[in-house]
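In what follows, a structure is listed as structure tokens, so that the remarks can point back to it.
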Amino acid sequence: MQQDLLAKKQVEVQKNTSTKVRPKHRGWKVQDGQPVEAGRILVLQRNLRFHPGLNVGLGRNGTLFAIIPGQVSITCEKVDLNWDHTWVQRCHGPRKGTEFFKKYFNVIPYPQHQNFKLINQI
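Residue numbers (the UniProt record's numbering): 1 to 122.
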């Protein structure tokens, strides 16, 4: 009889635990036109909502990050996907063979200086 009471008390304790979960704060971390450094996170995402463009990498968890320093440019383009990639198969598998548009994050590099010296003059 005491075992039945103990089991009931344990269930009650589990019911009263808090179910509030901290938010993950996913989404855009950088807006269009902002300067970024190399390695800066641009987007946190669980599904492939945003795609990597010029000078942007895709992390293992779907994070988009800047490869080089520059200025962020966000464009809406017709997709040209690598259908062998696991993320593409999982998120866009049923859309294979159709045309659709997605947002691409690009990093435009800063202009380089044009001051060069010949080796003979050094």
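Virtual Cβ for every residue (Gly too), placed ideally from N, Cα, C.
Keep in mind the model is a prediction, meaning the values are calculated, not measured.
Going by DSSP, what residues sit across from residue i in a beta bridge?
i: Trp28; result: Val43
i: Asn106; result: Ser73
Name the residue from the options whose alpha carbon lies nearest to the alpha carbon of residue i.
i: Val88; options: Gly27, Phe50, Asp32, Lys20; result: Phe50
i: Ile74; options: Thr63, Val21, Gly62, Leu54; result: Leu54
i: Cys91; options: Ile108, Ile119, Gly62, Pro109; result: Gly62
i: Thr86; options: Arg60, Pro35, Ile108; result: Arg60
i: Trp28; options: Val21, Gln114, Pro52, Asn120; result: Pro52
i: Arg46; options: Lys24, Pro35, Glu37; result: Lys24
i: Glu37; options: Val43, Ser18, Leu44, Ile68; result: Ile68
i: Gln34; options: Leu118, Arg95, Cys76, Asn106; result: Asn106
Helix or strand or just coil, what does DSSP make of residue i?
i: Ile119; result: helix
i: Thr98; result: coil
i: His51; result: strand
i: Gln112; result: coil
i: Val88; result: helix
i: Gly33; result: coil
i: Gly62; result: coil
Assuming the contact rule is C-beta atoms closer than 8 angstroms, residue i and residue j should be a hit. Round their C-beta distance to whole Å, please.
i: Val56; j: Phe65; result: 7 angstroms
i: Ile41; j: Gly70; result: Their Cβ separation, rounded to whole angstroms, is 15 angstroms, which puts Ile41 and Gly70 out of contact at 8 angstroms.
Can you confirm whether residue i, when its beta carbon is compared against all beta carbons of chain C, has any partner nearer than 8 angstroms?
i: Arg46; result: Going by chain labels, chain C is absent from the structure shown, which holds only one protein chain.
Consider the C-beta atom of residue i and the heavy atoms of the ligand ATP; say whether any pair is separated by less than 7 angstroms.
i: Leu58; result: As for the ligand ATP, it is missing from this structure, which has no ligand bound.
Contact the stretch 63–83 vs the stretch 99–113: 3+ CB pairs below 8 angstroms: yes
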